[in-house]
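Report on one structure; see the data block that follows.
Residue numbers (my numbering), protein chains in the order written: chain A, -18 to 107; chain B, 211 to 474.
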């Protein structure tokens, strides 16, 4: 091999850098799911909590398009209950604690959705 | 074991029936999966083939307090910022509904000696919800679109702030958010979103209220001076007013076909 004395260290450095996320995190504390402030009065979300945890962003995108573009502003959930299609007037009415609900997961997962640039947080969150 | 032809056909036809039957019944028996709910409209929602508005400027002239009542009702509910610079309305102001003089409103009326009273009146202006909206044609992201019932609305999520629509609209009905609007809203209405810096906004004919069976806020606040209804229905309040009164539309020669009419 030509220039083996340069190539081999180069490959080693590349592999070390490339695998850095893996070996940097070994022995670190495991990710624990944040404890969320759940609404006090309400028992039932528009869809089961487990499904909402994974899919609420798709649901919100669909809700936006249906309400604004298709003029369909009532959602009939899989359980048959009817909900007004509205982030501010339906979701945030129950999930009124922004910091302890929305932000908690978003911050620990490093996502920063810009919903609240326009949508108004419930009182007591500003 | 040896199978004869007759036995084979029996088994084959039975298993075909089984598969076909379960495929046909499957969707019926299965409960809806999470997230596969359906969408509908509220029972009391107001519908029309083409929404239109008739503004009786005589009633506004008789009762000038109505101008303020109507604009305040709209702007406070929809979180429209009040932007004032040096005590004057700014060039960067945001407005959904506003007033101006006769010559600014009806620029096609070229009468050089108009009736003094009519020339002195203030005229309420808002988005005309045109049948051929220039703003919709020029929008590069389809953030502005025309609904089936004729209302021209915006999807602020998609607006990139290019302001083509502002250049396209011949009625000045659109405003750009040059700054964060939240700094200029005295009292934020928590049931309606604000906008953000860098998007265009305009009147929605209160489509969010029509969806829950309510009339637009300016109509409610106008004490009967504004009528709102279906332009395709000859029995509707707007068509009756149009049949009984002389009306004007703004800039009809441009061919955008506004849905807002003025009784002079």
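Note that beta-carbon positions come from the ideal geometry of N, C-alpha and C, so glycine has one too. Treat the numbers as computed from the prediction; the structure is a model and nothing was measured.
The Cβ atoms of residue 375/B and residue 410/B sit closer than 7 Å to each other. Around residue 341/B, the same chain offers 467 as residues with beta carbons nearer than 6 Å, after the five sequence neighbours per side are excluded. Within 10 angstroms of the beta-carbon of residue 335/B lie 16 or more other beta-carbons, which makes it buried.
In chain A, no part has a C-beta under 7 Å from the C-beta of residue 386/B; the shortest such distance is about 15 Å. Comparing alpha carbon positions, the residue from 72/A, 30/A and 38/A closest to residue 92/A is 38/A. For the pair residue 470/B and residue 338/B, the CB atoms are nearer than the 7 Å cut-off. Residue range 1 to 6 is occupied by the alpha helix (DSSP H) that includes residue 5/A.
Following the DSSP letters along the chain, one finds residue 389/B in no alpha helix (DSSP H), marked with neither H nor E. Excluding residues up to 5 positions away in sequence, 312 and 474 lie with their Cβ nearer than 7 Å to the Cβ of residue 328/B in the same chain. By alpha-carbon distance to residue 365/B, the top candidate from 346/B, 472/B and 447/B is 346/B. Its Cα nearest to that of residue 390/B, the residue 97/A stands out among 97/A, 104/A and 106/A.
With a 10 Å radius around the Cβ and a threshold of 16 neighbouring Cβ atoms, residue 35/A comes out exposed. At a Cβ-Cβ threshold of 7 Å, residue 78/A and residue 21/A do not count as neighbours. Residues 47, 48, 65, 66 and 67 of the same chain have their beta carbon placed closer than 8 Å to that of residue 54/A, with the five preceding and five following residues left out of the count.
Below 8 Å, too few C-beta pairs join the segment 290 to 305 of chain B and the segment 438 to 446 of chain B to call them touching: fewer than three. In this structure, the straight-line span from the alpha carbon of residue 356/B to that of residue 14/A is close to 44 Å.
Residue contact with chain B for residue 93/A: absent (no Cβ-Cβ distance below 7 Å to any residue of chain B).
Per DSSP, residue 91/A lies in no alpha helix (DSSP H) and is assigned neither H nor E. Of the candidates 400/B, 388/B and 420/B, 388/B places its Cα closest to the Cα of residue 373/B. Contact annotation: the segment 412 to 429 of chain B touches the segment 251 to 258 of chain B, with at least three C-beta pairs closer than 8 Å.
Contact fails between the segment 298 to 314 of chain B and the segment 450 to 460 of chain B, because fewer than three Cβ pairs, one in each stretch, are under 8 Å apart.
Using a Cβ-Cβ cut-off of 7 Å, residue 42/A does not count as an interface residue toward chain B, since no Cβ of chain B sits closer than that to its own.
Going by C-alpha positions, residue 217/B is about 55 Å away from residue 44/A.
In the structure shown, residue 368/B falls within a helical segment according to DSSP collapsed to helix, strand and coil. For a Cβ distance threshold of 9 Å, residue set 43, 44, 47, 48, 51, 53, 54, 55, 56, 57 and 66 of chain A lies close to residue 249/B, ordered along the chain. DSSP places residue 385/B in the strand class (E or B) of the three-state scheme. Using a CB distance cut-off of 7 Å, residue 37/A does not count as an interface residue toward chain B. If you draw a straight line from the Cα of residue 285/B to the Cα of residue 353/B, it is about 22 Å long.
Here DSSP, grouped into helix, strand and coil, assigns residue 52/A to coil. Looking from the CA of residue 73/A, the closest CA among -16/A, 33/A and 100/A belongs to 100/A.
Taking 7 Å as the Cβ-Cβ cut-off, the segment 13 to 32 of chain A approaches chain B at 28, 29 and 32, given in chain order. Put simply, the CB of residue 76/A is far from chain B, with every gap to its CB atoms at 7 Å or more. Counting along the chain, no beta strand (DSSP E) covers residue 328/B; the unbroken alpha helix (DSSP H) around it starts and ends at 326 to 330.
With distances taken between CA atoms, residue 383/B lies nearest to 309/B out of 440/B, 309/B and 441/B. Taking 7 Å as the threshold, the shortest C-beta distance from residue 87/A to chain B does not fall below it.
Residue 348/B has its alpha-carbon roughly 23 Å from the corresponding atom of residue 315/B.
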